[in-house]
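In terms of the working numbering, the sequence shown has 42 at position 42, counting the first letter as 1, and numbering is strictly consecutive.
Glycine is no exception: its CB is placed at the ideal position from the N, C-alpha and C atoms.
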Amino acid sequence: MKIALVIFITLALAGCALLSLHMGVIPVPWRALLTDWQDGREHYYVLMEYRLPRLLLALFVGAALAVAGVLVQGIVRNPLASPDILGINHAASLASVGALLLMPSLSVMVLPLLAFAGGMAGLILLKMLAKTHQPMKLALTGVALSACWASLTDYLMLLHPQDVNSALLWLTGSLWGRDWHFVKIAVPLLILFLPLSLRFCRDLDLLALGDARAATLGVSVQRTRFQGLMLAVAMTATGVAVCGPISFIGLVVPHMVRQDRRRASPLADARFGPDGRVVAGHCRSAGTNHSSAAGASGRRADRHYRRTVVCLAACENAINEITY
């Protein structure tokens, strides 16, 4: 069963990647995907300068958001939690929108750094206000902060209506206009962060049993929660920094993976799963499929702007939830 699932996810990932390279305003023939990778060929520029960097960002950002969702759900002990519940996305969005509105001449390459700094600042404030790592206190404080960051973002947009279009474009969440500069910023960080997530799988499995029982089994509860949140914030802020606030993947992909695991094993835990490493690994693969498929569908559905990753992801997630 595990081998079949791995093969299926791998084939789905390859199919989504090929579709992402093929579909768009300028359709690339299937044969050209094999032959036009040399400089001077007909579709070389389209593939190398537009399609490939967006595909790489979709793969890594989708994986990062899905794994960040697993970490947050394990820490909060709620299968319906997501990075949004801690205000990470909205804090990163506030930093970026503030820069776009207050400093319109700022280079777009600085936005990822500001979004990352905003996400980390949001986590520090969350820790200061919550004063504890109890799941309920973290969740409630995060919801309050998320509403606060969203309100401040709306307030800034009301104060600067002449520059609101650039902010709305970024807040939509999209792979449109992303090139190799964004890849150089995000991909090295995510290559570092994603393997680190495996370190928390065993501890989060034990945390699902309760803090007291996890502590008796050797888990440092406070340290595990804080370090796990730091890693989730780092991955989410990096993804938001380059693609905007694409939040659905962090909520739905871990939920979908656990649904499949429970069908295979009725004893699977509803919070984090019987094997956190397997869940995290499948979430990485499913997250890449989810984001790359949404990006390819968005290019096909909206030939003029190609800014529909969030809309396509939302529709896709709604269909998945109805199916399950």
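Alpha helix (DSSP H) containing residue i: first to last residue?
{"i": "Phe226", "result": "221-243"}
{"i": "Tyr155", "result": "135-159"}
{"i": "Pro188", "result": "180-196"}
{"i": "Asp211", "result": "211-216"}
{"i": "Gln73", "result": "52-76"}
{"i": "Ala130", "result": "111-130"}
{"i": "Val28", "result": "Here Val28 belongs to no alpha helix (DSSP H), and DSSP marks it neither H nor E."}
{"i": "Ser96", "result": "88-102"}
{"i": "Val108", "result": "Per DSSP, Val108 belongs to no alpha helix (DSSP H) and is neither H nor E."}
{"i": "Ser82", "result": "Taken as a continuous stretch (DSSP letters only), Ser82 belongs to no alpha helix (DSSP H), as it is neither H nor E."}
{"i": "Ala167", "result": "164-172"}
{"i": "Leu372", "result": "Shown here, the chain extends from 1 to 324; a query on residue 372 therefore has no answer."}
Among the residues of its own chain, which have a CB less than 8 Å from the CB of residue i, if the five just before and after it don't count?
{"i": "Gln38", "result": "Tyr44"}
{"i": "Thr236", "result": "Ala64, Leu65, Ala68, Pro83, Ile88, Asn89, Ala92, Gly119, Gly250"}
{"i": "Arg41", "result": "Ala32, Thr35"}
{"i": "Val28", "result": "Leu21, His22, Asp36, His43, Val46, Leu47, Arg51"}
{"i": "His181", "result": "Met109"}
Using only the alpha-carbon positions, how far apart do residue i and residue j sit?
{"i": "Met23", "j": "Phe8", "result": "22 Å"}
{"i": "Leu168", "j": "Thr216", "result": "49 Å"}
{"i": "His90", "j": "Thr35", "result": "43 Å"}
{"i": "Val144", "j": "His160", "result": "It should be noted that the sequence gives Ala, not Val, for residue 144. Roughly 25 Å between the two C-alpha positions."}
{"i": "Asp211", "j": "Thr132", "result": "13 Å"}
{"i": "Leu80", "j": "Thr141", "result": "16 Å"}
{"i": "Ser197", "j": "Ser166", "result": "34 Å"}
{"i": "Val241", "j": "Leu111", "result": "First, the amino acid is wrong: residue 241 is Ala here, not Val. Using only the alpha carbons, I get a separation of about 6 Å."}
{"i": "Val72", "j": "Trp30", "result": "40 Å"}
{"i": "Leu19", "j": "Val221", "result": "43 Å"}
{"i": "Gly15", "j": "Ile185", "result": "26 Å"}
{"i": "Leu47", "j": "Asp179", "result": "11 Å"}
{"i": "Ala150", "j": "Ala4", "result": "43 Å"}
{"i": "Met103", "j": "Met109", "result": "13 Å"}
{"i": "Asp203", "j": "Thr224", "result": "7 Å"}
{"i": "Cys201", "j": "Leu59", "result": "21 Å"}
{"i": "Gln162", "j": "Cys148", "result": "23 Å"}
{"i": "Ile191", "j": "Ser105", "result": "31 Å"}
{"i": "Tyr155", "j": "Ala214", "result": "43 Å"}
{"i": "Thr238", "j": "Leu189", "result": "8 Å"}
Counting only the same chain and skipping the five closest in sequence on each side, list residues whose C-beta sits under 7 Å from that of residue i.
{"i": "Ala95", "result": "Leu114, Ala115, Ala117, Gly118"}
{"i": "Leu171", "result": "Ser93, Val97, Gly244, Pro245"}
Return the residue from the list the options that minimises the CA-CA distance to residue i.
{"i": "Leu251", "options": "Val76, Met48, Tyr50", "result": "Val76"}
{"i": "Ala232", "options": "Leu152, Ala91, Val70, Gly177", "result": "Val70"}
{"i": "Gly218", "options": "Asp205, Leu229, Gly239", "result": "Asp205"}
{"i": "Leu55", "options": "Asn78, Leu13, Ile85", "result": "Leu13"}
{"i": "Leu209", "options": "Gly228, Cys148, Gly74", "result": "Gly74"}
{"i": "Tyr124", "options": "Leu11, Leu229, Gly239, Phe248", "result": "Note on identity: in this sequence residue 124 is Ile, with Tyr being the wrong assignment. Minimum Cα distance to Ile124 is reached at Leu229."}
{"i": "Thr153", "options": "Leu100, Thr238, Ser174", "result": "Leu100"}
{"i": "Pro53", "options": "Arg213, Gly177, Val253, Ala234", "result": "Gly177"}
{"i": "Pro254", "options": "Asn78, Thr238, Thr10", "result": "Asn78"}
{"i": "Ser207", "options": "Gly173, Pro135, Pro188, Val187", "result": "For clarity, residue 207 is Leu in the given sequence; the question names Ser instead. Measuring from the Cα of Leu207, the nearest candidate turns out to be Pro135."}
{"i": "Phe248", "options": "Glu49, Thr10, Gly122, Gly173", "result": "Gly173"}
So, for residue i: in the same chain, excluding its five sequence neighbours on each side, which residues have a beta-carbon less than 6 Å away from its beta-carbon?
{"i": "Val164", "result": "Met157"}
{"i": "Ala130", "result": "Lys137, Leu138, Thr141"}
{"i": "Ser146", "result": "Gly87, His90"}
Cβ-heavy atom distance between residue i and the ligand ZN below 8 Å?
{"i": "Arg77", "result": "Although the ligand ZN was asked about, the structure shown includes no ligands whatsoever."}
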